[in-house]
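*Asks:* Counting in the numbering used here, the sequence shown runs from 6 upward without gaps. Glycine is no exception: its CB is placed at the ideal position from the N, C-alpha and C atoms. Everything numeric in this text was worked out from a predicted model, so none of it was measured.
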Amino acid sequence: MIESGASPSSSFPSDNIVVEEDRRKQERHIAMLRLAKIKGAAGEGWGFIKNLSATGMMVEVHPNFELGDTVSAMLTEEQELTGTVRWRKEALAGVEFSSPIDIATVLTKPNESKQGRVARLPRIEMKHPINIYQGSRLIHGDICDISPAGICIRTDHVFETGKNLRLSVPELLDINGTVRWQSGARVGIVFSRRLPLDDLMVWLSTFYRATRVDSDDLADLSKDTQKNGSGETAADRLPYKVIGHDDLGKEILIDTLDSATEALTQFKATSKFFYRVSIRNADNEELSIGTIVLRAFDEERAAAKA
């Protein structure tokens, strides 16, 4: 029965409006810069979610993910987004979620996990030697996992909870930390201050360089360029300017280099002496660390092919 003042067609616009609003909400992209662990068959590492919608996200990564790969982005140990790589452009990747997400839930940063623990940043698992200094005593161990906030190591030494330590990792700055827990040979250490993310990303990149570098991958380097969505040639990318920044914003040109690998090496060597170090291209545009790492991979592949 149709009520007074209504018509059979009057309900349809209202339904259409609701549907349209739902569609717009799903398509809305929220710009952000959120740290996450990006993981896939090609490897895992730290990356940034740069924008987000209910159906997908744009992430900046440096593992060599390819079109069609399934990847996940972990914002905390309890929060993971999974999808498929639909496009690549150097360090940027577009990921389509396997099912729509609730953006409000993702953007909320929970203080506690389901088990009542404080939600923690996800950690990168690895095995890598590390030297631990307790005062003047040197203790050898292996890294089990690492995040910008802390590290888990394996060692036969028994530590006292609350003990201050100095950690030394080849090619990574010395780090001060405090023992938070020990279970058998595994020891959890929280850093006195978070690691600079760029330094950690560059250091972790050494673990990706052996990934997918075989005869099949080296068949045609130009195919990799097409997969990454970049039309640049090697000549277009030169030179690289490594620039140091002090805490007042003053810029100092450290070096001008002809390869991404050399620029990356210079970045690692000088980052400890400046408030921040950046790398720019010939057009004076700042390049992300993810982009530089990927270009260094391309150079290594080209050298292997030659």
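1. Check whether the stretch 293 to 308 touches the stretch 88 to 99, counting contact only when three or more Cβ pairs, one atom from each stretch, lie closer than 8 Å.
2. Applying the criterion that 16 or more other CB atoms from any shown protein chain within 10 Å of the CB defines a buried residue, is W186 buried or exposed?
3. Report yes if the C-beta distance between V76 and G88 is below 8 Å; otherwise report no.
4. Where does D203 land, buried or exposed, given buried means 16+ other C-beta within 10 angstroms?
5. Is V192 helix, strand or coil by DSSP?
6. Taking just the CA atoms, how far does T275 sit from L269?
7. Ordered along the chain, which non-local residues of its own chain (more than five positions away) have a Cβ less than 6 Å from that of E85?
8. Determine the burial state of S103: buried for a count of at least 16 other Cβ atoms within 10 Å of its Cβ, exposed for fewer.
9. Where do the N-terminal and C-terminal ends of the beta strand (DSSP E) with T87 fall, by residue?
10. For G249, does the three-state DSSP call read helix, strand or coil?
11. Give the range of the beta strand (DSSP E) segment to which I148 is assigned.
12. Do T266 and A307 have their C-beta atoms within less than 8 Å of each other?
13. Using the DSSP secondary-structure output, state which residues sit across from D260 in a beta bridge.
14. Looking at the secondary structure, which residues open and close the alpha helix (DSSP H) in which E267 lies?
15. Would R149 and R191 qualify as a contact pair, given that the criterion is a beta-carbon distance under 8 Å?
*Replies:* Taking the coordinates as given:
1. yes
2. exposed
3. yes
4. buried
5. strand
6. 10 Å
7. S77, M79
8. exposed
9. 84 to 94
10. strand
11. 142 to 151
12. no
13. V247
14. 265 to 275
15. The sequence shown places Cys at residue 149, not Arg. Against a cut-off of 8 Å, the Cβ pair of R191 and C149 comes out as a contact.
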